[in-house]
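In this text, residue positions in the sequence shown follow full-length UniProt numbering: the first is 1, and each later residue adds one.
All C-beta atoms, glycine included, are put in the ideal place defined by N, C-alpha and C.
Below is one structure, written out as structure tokens, with a few remarks after it.
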Amino acid sequence: MFKIVVPVLQTILSAGAIGAFVYVVGSLGSLQVQLASYQTGQALITQRVDSLERSRESTDKFVDSLRTTSQRQEFQISQFSESLKAMALMGRPK
């Protein structure tokens, strides 16, 4: 009887071990797919952040340019106003 029971139990245990191994390998494959998807998402997020940083830098440069232009125009308007005042004072009869 042991001659029959032992090989049957060994076969059942071997089948169980093989099944567990197949399950673990399948789980690892699934984890690899999920990891690849996560890494792809991270790469896309990194690209988007880099793009936003470049856009912000470009916008900052544009705002600085506008600020400089505005200051230059304010200075020119101020000079023009002073010139008009001076001309008005010189042309005013005494």
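Under 8 Å Cβ to Cβ from residue i, same chain only, skipping five residues before and after it: list those, please.
i	result
residue 55	none
Ignore the nearest five residues each way along the sequence and tell me which others in residue i's own chain have a CB closer than 7 Å to its CB.
i	result
residue 34	none
Quick one: what does DSSP say residue i is sitting in, helix, strand or coil?
i	result
residue 1	coil
Just checking residue i against the ligand PLP - is the residue's beta carbon closer than 7 Å to any of the ligand's heavy atoms?
i	result
residue 35	Looking at this structure, you won't find the ligand PLP or any other ligand, since it has none at all.
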